[in-house]
Amino acid sequence: MQGLLSFDQAPPFTAPLRFFLSAPVFALLAGLILVWDGPSLLASRWTPGALAVTHLLTVGFMLQAMLGALIQVLPVVAGVNLAQPLAISRWLHVALSGGAVLLSSGFYFASASLLITGGIVLGVSVLGFLVVVVPPLSRTPSTSPTIRGLKMAMSGLFGVAALGVVLALAVANGWSIPLLSLTDLHASWGFAAWGGILLAAMAYVVVPMFQLTPGYPARLSWWYPGLLLAGVVLASLSVWFEVPGIGQLAQGMLSFLGIAFCAFTMHLQLKRRRARADTTFRYWQLGLACTIFALFLSLTATFWPALAEYNELPLLLGVLLIVGGFVPLIVGMLYKIIPFLAWLHLQNLGGGKLPAPAMHKILGEKEMNGQMGSHALALVFLLGAVLLPELARVAGLLFVMANLLLLWNLSRASWRYRQQSKLMREQLAQL
Amino acid sequence: MTDSKTPHVIDARYMEPPDPFVKTMEMLDSLQAGENLLLQLFREPHPLYRVLKENGHRYEVELVADGTFEILIWR
Chain A
14 MQGLLSFDQA
24 PPFTAPLRFF
34 LSAPVFALLA
44 GLILVWDGPS
54 LLASRWTPGA
64 LAVTHLLTVG
74 FMLQAMLGAL
84 IQVLPVVAGV
94 NLAQPLAISR
104 WLHVALSGGA
114 VLLSSGFYFA
124 SASLLITGGI
134 VLGVSVLGFL
144 VVVVPPLSRT
154 PSTSPTIRGL
164 KMAMSGLFGV
174 AALGVVLALA
184 VANGWSIPLL
194 SLTDLHASWG
204 FAAWGGILLA
214 AMAYVVVPMF
224 QLTPGYPARL
234 SWWYPGLLLA
244 GVVLASLSVW
254 FEVPGIGQLA
264 QGMLSFLGIA
274 FCAFTMHLQL
284 KRRRARADTT
294 FRYWQLGLAC
304 TIFALFLSLT
314 ATFWPALAEY
324 NELPLLLGVL
334 LIVGGFVPLI
344 VGMLYKIIPF
354 LAWLHLQNLG
364 GGKLPAPAMH
374 KILGEKEMNG
384 QMGSHALALV
394 FLLGAVLLPE
404 LARVAGLLFV
414 MANLLLLWNL
424 SRASWRYRQQ
434 SKLMREQLAQ
444 L
Chain B
25 MTDSKTPHVI
35 DARYMEPPDP
45 FVKTMEMLDS
55 LQAGENLLLQ
65 LFREPHPLYR
75 VLKENGHRYE
85 VELVADGTFE
95 ILIWR
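In structure tokens:
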């Protein structure tokens, strides 16, 4: 019986853990840059510091956590088994981390060679990941909305990375291309076609599973990823054929779709069967509320040009979507995935002869909740700093603190797992 | 897939992991020849599918409108 719980072929714990442990380090670096640069970083979305911080968070934190988690969960949520997951995770982790540092340094120090190297390293990393994942994923029949969503998310990942490489090369070499509209398009591919679709595909599984809510209706969840992808393709066509009206329509459609998904997920959360609200639940509420707010602002700006001209709007949207939206949603998932994986591997190690410790012994609710409080405080100050740049250094310090605590929590969970494995091996040897 | 044809039903839609897996394996241990088991979940249990195949069980999956996956299992 216990042996059957082995979820055989699941990658070893260290495969995803290396991504999860290094993600907060990049967020910490982003916070330090904000402390170092202070108010000048927030003068616009185009300052070297703002560009560096954005990519430390989106590539160093988000992409790192997303790809690491995918290596782990593909066998469980899609029945897709990767050959040699540990070897893949080793090179991908090094390449992604190196690429994130190079690209961000390229932006920060305005160095063409660093930008080019970083862009190419990241492009090759993503391509390598797709080469490994896409063949087995495409051979898997789309029996669930999650599998269908994962397939579409892969095209989103390709789109955001390809545009990113082109933009990095264009900025470094001074190519004459429409930088503004291509940057907006790069963000649309990243947030909607990659992040949004991946999030929806995972939410279909993890929201009912971790928060004990009802499921997402079959028909809606089946079509949702396709609608997001269609919106991004429409936005791309409008840039290609230079028809801004269609681009506006596509942006409006994407904002509306995002709001609808977040609002529906909140509606499911209200119907949950778990009486007590835990940290994952609260982190998801924060992430969903901030995303709704960001997309509502974006939707309003699409049809009300006066708001779109407001200089602080892109920064406000960035902070709300990344620090308020994606990061809380990702950390909320990590706080369930890491203790569960630790428990699962310990359970397998025990082989039915020794019980694994309860999940809350690996990572306690109080520790997670405290960290979430510090993240929420940092978010409030970051939003404040967009409007009152004098707050930038305090906001940066608070963000560093929140990510130190996250790193501490995840490292402690990893340490407890190692200690417990060692103890169990000793006990098993004496049996 | 109606309940009358499948007297053994595990509604695991509001259970935390690994309870759905554990309860299904327990129920399968006591399943008599010719009997069916209907498992209801809001996700596809791929790790369970693998174990079912290894143990010689057969299954059919249907996704119903409210997002429930109904997995009918027999030997």
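Those protein sequence lines, which keep their order, are chains A and B.
For what it's worth, the working numbering labels the leading residue of the first sequence as 14, then goes sequentially.
For what it's worth, the working numbering labels the leading residue of the second sequence as 25, then goes sequentially.
Ideal Cβ positions, reconstructed from N, Cα and C, are used throughout, including at glycine.
Predicted, not measured: the structure shown is a model, and the values here were computed from it.
Per DSSP, the bridge partner or partners of residue i
i, result
"tryptophan 98 (chain B)", "B:Arg82"
"histidine 32 (chain B)", "B:Leu61"
"leucine 87 (chain B)", "B:Phe93"
Residue-chain proximity (residue i, chain A), Cβ-Cβ < 8 angstroms
i, result
"leucine 87 (chain B)", "yes"
"arginine 67 (chain B)", "yes"
"tyrosine 38 (chain B)", "yes"
"aspartate 35 (chain B)", "no"
"aspartate 43 (chain B)", "no"
"glycine 91 (chain B)", "yes"
Test item: CB-CB of residue i and residue j under 8 angstroms
i, j, result
"valine 332 (chain A)", "leucine 395 (chain A)", "yes"
"valine 89 (chain A)", "proline 44 (chain B)", "no"
"glycine 364 (chain A)", "glycine 44 (chain A)", "no"
"threonine 226 (chain A)", "serine 268 (chain A)", "no"
"proline 341 (chain A)", "leucine 310 (chain A)", "no"
"isoleucine 351 (chain A)", "phenylalanine 39 (chain A)", "no"
"valine 166 (chain A)", "tryptophan 202 (chain A)", "Position check: residue 166 (chain A) holds alanine in this sequence, whereas valine was assumed. Going by C-beta atoms, alanine 166 (chain A) is not nearer than 8 angstroms to tryptophan 202 (chain A)."
"proline 24 (chain A)", "proline 98 (chain A)", "yes"
"serine 155 (chain A)", "lysine 164 (chain A)", "yes"
"glycine 244 (chain A)", "methionine 266 (chain A)", "yes"
"glycine 377 (chain A)", "leucine 418 (chain A)", "no"
"leucine 105 (chain A)", "serine 138 (chain A)", "yes"
"alanine 89 (chain B)", "proline 149 (chain A)", "no"
"phenylalanine 26 (chain A)", "histidine 358 (chain A)", "yes"
"alanine 405 (chain A)", "leucine 54 (chain A)", "yes"
"tyrosine 121 (chain A)", "glycine 62 (chain A)", "yes"
Cut-off 6 angstroms between Cβ atoms - residues of its own chain near residue i, not counting five sequence neighbours on either side
i, result
"glycine 337 (chain A)", "Cys303 and Leu392"
"glutamate 325 (chain A)", "Val399"
"glycine 73 (chain A)", "Phe39 and Ala113"
"histidine 388 (chain A)", "Ala415"
"tryptophan 59 (chain A)", "none"
"glycine 136 (chain A)", "Ala174 and Val178"
"isoleucine 305 (chain A)", "Ile272 and Cys275"
"alanine 307 (chain A)", "Leu330, Leu333 and Leu334"
"lysine 349 (chain A)", "Phe223 and Thr293"
"isoleucine 95 (chain B)", "Leu63, Tyr83 and Val85"
is_contact[residue i, chain B] using C-beta, thresh 8 angstroms
i, result
"arginine 289 (chain A)", "no"
"proline 221 (chain A)", "yes"
"threonine 156 (chain A)", "yes"
"proline 149 (chain A)", "no"
"proline 25 (chain A)", "no"
"proline 238 (chain A)", "no"
"proline 230 (chain A)", "yes"
"valine 90 (chain A)", "yes"
"leucine 41 (chain A)", "no"
"serine 234 (chain A)", "yes"
"leucine 99 (chain A)", "no"
"leucine 225 (chain A)", "yes"
Sequence-distant residues of its chain with Cβ nearer than 8 angstroms to residue i (five each side left out)
i, result
"arginine 37 (chain B)", "Gln64, Leu65, Phe66 and Thr92"
"serine 118 (chain A)", "Ala65, Ser124, Leu127 and Gly131"
"leucine 401 (chain A)", "none"
"leucine 217 (chain A)", "Position check: residue 217 (chain A) holds tyrosine in this sequence, whereas leucine was assumed. Closer than 8 angstroms at Cβ, skipping near neighbours: Ser157, Pro158, Thr159, Gly162, Gly228, Tyr229 and Ser234."
"tryptophan 5 (chain A)", "Outside the shown range of chain A (14 to 444) lies residue 5 (chain A), about which nothing can therefore be said."
Cut-off 7 angstroms between Cβ atoms - residues of its own chain near residue i, not counting five sequence neighbours on either side
i, result
"glycine 92 (chain A)", "Thr153"
"arginine 287 (chain A)", "Gln224 and Leu225"
"leucine 211 (chain A)", "Met79 and Ala166"
"glutamine 261 (chain A)", "Thr315"
"leucine 367 (chain A)", "Met437, Gln440 and Leu441"
"alanine 84 (chain A)", "For the sequence presented, residue 84 (chain A) should be read as isoleucine rather than alanine. These residues qualify, in order along the chain: Pro24, Ala28, Pro29, Leu95, Pro98, Ile101 and Ser102."
Quiz prompt | Cβ-based contacts, 8 angstroms cut-off: residues of the stretch 69-81 of chain B near chain A | solution = Within the stretch 69-81 of chain B, those residues whose Cβ lies closer than 8 angstroms to any Cβ of chain A are, in chain order, His70, Pro71, Tyr73, Arg74 and Val75.
Practice problem: Name, going along the chain, the residues of the stretch 341-353 of chain A whose beta-carbon falls closer than 8 angstroms to a beta-carbon of chain B. | Solution: Of all residues in the stretch 341-353 of chain A, Phe353 have a Cβ within less than 8 angstroms of some Cβ in chain B.
Practice problem: Give, in chain order, every residue of the stretch 199-219 of chain A whose Cβ lies closer than 8 angstroms to some Cβ of chain B. | Solution: With the criterion set as a beta carbon lying under 8 angstroms from some beta carbon of chain B, the members of the stretch 199-219 of chain A are Tyr217 and Val218, in sequence order.
Quiz item: Given a limit of 8 angstroms on CB to CB distance, which residues of the stretch 281-312 of chain A reach chain B?
Solution: For the stretch 281-312 of chain A, which is checked against every Cβ of chain B, the residues closer than 8 angstroms are Arg286.
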